[in-house]
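What follows is a short report on a single structure.
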Amino acid sequence: MISVDEALSFINTHTSSLTKQVLPLSQCLGNVLAEDIFSPIDSPPFPQSAMDGYALEWESIESNRPIPVQGLVQTGDTENKQLPKGTALRIFTGAPLPLGADTVVMQEHVQIKDGFLTLINPAQTKGSHVRKEGSQINKGALAVASGCIINSGIVGFLAGLGITQITVVPKPKIGIIVTGKELVRPGDELLYGQIYESNSLMLKMALQEGGFDVLTIETVDDVPSLIENAIQKAVETCDLLLLTGGVSVGDFDFVSQAVLANKAEIIFHKIKQKPGKPLLFARKKNVPIFGLPGNPASVLHCFQTYVIPSLHKLSGKPFKITQGKKMPINAPYHKKVGLTHFMKGIVKNGEVSLLTNQESYKLNPFVISEVIVKIPEDTALVNKGDMVEVFWISNLWN
Ligand code: AMP
Ligand code: MG
């Protein structure tokens, strides 16, 4: 058995970033950008009015006489209009500034009478309310640097430059295989001895919380050949494979032999931790394979601790081992040395308290838990008021 830190280090070594790919911009939310993007256009592409008002030449204002308004420019007009000398044109936000105009006066600052404009607010500035061509970004300038994580603002910015596809590290295609003869799909009839299968949906949602989709979900019986075939099929199409159940020491736990039968390399099997001790990590070519335990709480803890960092690395982000925050615990906690404990807790008045029902088959504490508390392998006793390491569940993806 290896320690939590050793396991993380193995996962880091045996996970590689996926090969970059050109994808439609609309499919790149959360992806790591794998190229510098230079603007293909000036933005704005033409001088624009920044207000609803009147376009004119500054000299006309200086002359201090009523200015004739001779027509209008609408937003979206594609004609490059000329402003007749000494006149004003009605103009709207985003409309092209007519040739010869250098200033826009807000409509709130003028009075129009008999087709003539007079200023009612004399505080005007030459060149005001004009968005110069290229004033957001010039053609050829760096718009977004390689390594950025694509967010909605970046998507908006790039779409506004007319860009439709970009080079990113793709997100892994993820396969889930749940094993267990006892498993029944929620909604179906439950016979004595059977339980509802909850790991696949839980994992799918856990992945969605991090912006990842699942490509395939298979449920298989505890039959070596079936598990073997399911793994073989999944590894052909997926970049990451998650199995649950069948990874422990029971007579019907066939995952590790099915992994070996697929000529995958087992990197480690079993970790000095609770829950989640039976975790298996293997690799076939570049596909990391996690043999997660069957017990639902173990599945979620292992996902949070080990699968998330692996997903980050596959997606082109640095492999990060997050340090928790230190916080005092509100009651003593005893444990045997030799296993790291992961516990669900809540925070009250700056102190963390551990919840009840921490057994690995129970998910009840996840309903209200705010934090995961990590008690180190070599600790036997934590006293009330001692500092413990705490991870906010809402922050596990950061
Ligand atoms: P195993 O590791 O296969 O021995 O499973 C350990 C425990 O987790 C057993 O009580 C299983 O019934 C339960 N379990 C396994 N897979 C699932 C699943 N997909 N959903 C809910 N419980 C499961
Ligand atoms: Mg099983």
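In this text, residue positions in the sequence shown follow the working numbering: the first is -18, and each later residue adds one.
Glycine included, C-beta positions come from ideal geometry on N, C-alpha and C.
Straight-line gap, Pro45 to Pro5 (C-alpha atoms, nearest Å): Here residue 45 refers to the residue found at position 64 when the sequence shown is read from its first residue. Here residue 5 refers to the residue found at position 24 when the sequence shown is read from its first residue. Reading the sequence as shown, one finds Asn at residue 45 and not Pro. Their backbone Cα atoms lie some 54 Å apart in a straight line.
Proximity test, Phe271 beta-carbon vs the ligand MG heavy atom, cut-off 7 Å: As a working mapping, residue 271 is identified with position 290 in the sequence shown. It does not: the Cβ of Phe271 is nowhere closer than 7 Å to a heavy atom of the ligand MG.
7 Å Cβ shell around Leu164 - same chain, five flanking residues per side excluded: Mapped onto the sequence shown, residue 164 falls at position 183. Closer than 7 Å at the Cβ level, and outside the excluded window around Leu164, lie Ile176, Glu178, Thr200.
Any non-hydrogen atom of the ligand MG within 7 Å of Thr160 CB: As a first step, residue 160 is located in the sequence shown; it is residue number 179 there, counting from the start. Checking the Cβ of Thr160 against the ligand MG gives yes.
Inter-stretch contact (C-beta, 8 Å, three-pair minimum) for the segment 143 to 155 and the segment 2 to 16: yes
Ser274 Cβ short of 7 Å to the ligand AMP heavy atom set: If you number the sequence shown from 1, residue 274 lands on position 293. One detail in the question is off: residue 274 reads as Pro in this sequence, not Ser. Yes, the beta carbon of Pro274 sits closer than 7 Å to at least one heavy atom of the ligand AMP.
Cβ neighbours of Ala122 in the same chain (closer than 6 Å, five flanking residues each side left out): Your numbering for residue 122 matches position 141 in the sequence shown. Closer than 6 Å at the Cβ level, and outside the excluded window around Ala122, lie Ser20.
Run of the beta strand (DSSP E) containing Ser334, from where it starts to where it stops: The residue you call residue 334 lines up with position 353 of the sequence shown. 332 to 335 is the span of the beta strand (DSSP E), which, as asked, contains Ser334.
Length of the line joining the Cα atoms of Thr74 and Gln117: The residue you call residue 74 lines up with position 93 of the sequence shown. The residue you call residue 117 lines up with position 136 of the sequence shown. The alpha-carbon atoms of Thr74 and Gln117 are separated by roughly 16 Å.
Residue closest to Pro26, alpha-carbon to alpha-carbon, out of Glu114, Asn364, Thr303, Ser181: Position 45 of the sequence shown, counted from the first residue, corresponds to residue 26. When only C-alpha atoms are compared, the closest one is Glu114.
Cα-Cα separation between Ser334 and Asp23, rounded to whole angstroms: Here the question's residue 334 lines up with position 353 in the sequence shown. Here the question's residue 23 lines up with position 42 in the sequence shown. For Ser334 and Asp23, the distance between alpha carbons rounds to 57 Å.
Closest residue to Ile252 among Tyr287, Pro269, Val354, Phe233 (Cα-Cα distance): Reading the sequence shown from its first residue, position 271 is the one you call residue 252. Nearest option by C-alpha distance: Tyr287.
Alpha-carbon spacing of Met213 relative to Asn119, whole angstroms: To locate residue 213, count along the sequence shown from 1; it is residue 232. To locate residue 119, count along the sequence shown from 1; it is residue 138. A quick correction: the sequence has Gln, not Met, at residue 213. Gln213 and Asn119: Cα-Cα distance of roughly 51 Å.
Inter-residue Cα distance where the pair is Asp232 and Asp169: As a position in the sequence shown, residue 232 is number 251, starting the count at 1. As a position in the sequence shown, residue 169 is number 188, starting the count at 1. Whole-angstrom Cα-Cα distance: 27 Å.
Local conformation of Gly134 per DSSP, three classes: Start at 1 with the first residue of the sequence shown, and residue 134 comes out as number 153. Residue state, collapsed to three classes: helix.
Sufficient close CB pairs (3 or more, under 8 Å) joining the segment 226 to 243 to the segment 185 to 195: Contact between the segment 226 to 243 and the segment 185 to 195 is absent, because fewer than three Cβ pairs lie under 8 Å.
Distance, Ile135 Cα to Asn379 Cα: For this step, residue 379 is matched to residue 398 along the sequence shown. For this step, residue 135 is matched to residue 154 along the sequence shown. In a straight line, the C-alpha of Asn379 is about 19 Å away from that of Ile135.
Phe372 beta carbon near the ligand MG (any heavy atom closer than 7 Å): Locating residue 372 in the sequence shown gives position 391, counting from the first residue. Relative to the non-hydrogen atoms of the ligand MG, the Cβ of Phe372 never comes closer than 7 Å to any of them.
Distance between Leu139 and Thr160 (C-alpha atoms, nearest Å): Your numbering for residue 160 matches position 179 in the sequence shown. Your numbering for residue 139 matches position 158 in the sequence shown. Roughly 44 Å separates the two Cα atoms.
Nearest-angstrom beta carbon gap, Met186 and Leu281 [assumed within contact, 8 Å]: For the purposes of this step, residue 281 is taken as the residue at position 300 of the sequence shown. For the purposes of this step, residue 186 is taken as the residue at position 205 of the sequence shown. 10 Å between Cβ atoms; not a contact.
Member of Ser229, Ser127, Ile93, Glu340 whose CA lies at the smallest distance from the CA of His250: Working through the sequence shown from its first residue, we reach residue 250 at position 269. When only C-alpha atoms are compared, the closest one is Ser229.
Where Glu217 falls: helix, strand or coil (DSSP): Start at 1 with the first residue of the sequence shown, and residue 217 comes out as number 236. Correct three-state label for Glu217: helix.
Nearest-angstrom Cα separation, counted from Lys162 out to Ser(-10): Residue -10 sits at position 9 when you count from the first residue of the sequence shown. Residue 162 sits at position 181 when you count from the first residue of the sequence shown. Ser(-10) and Lys162: Cα-Cα distance of roughly 34 Å.
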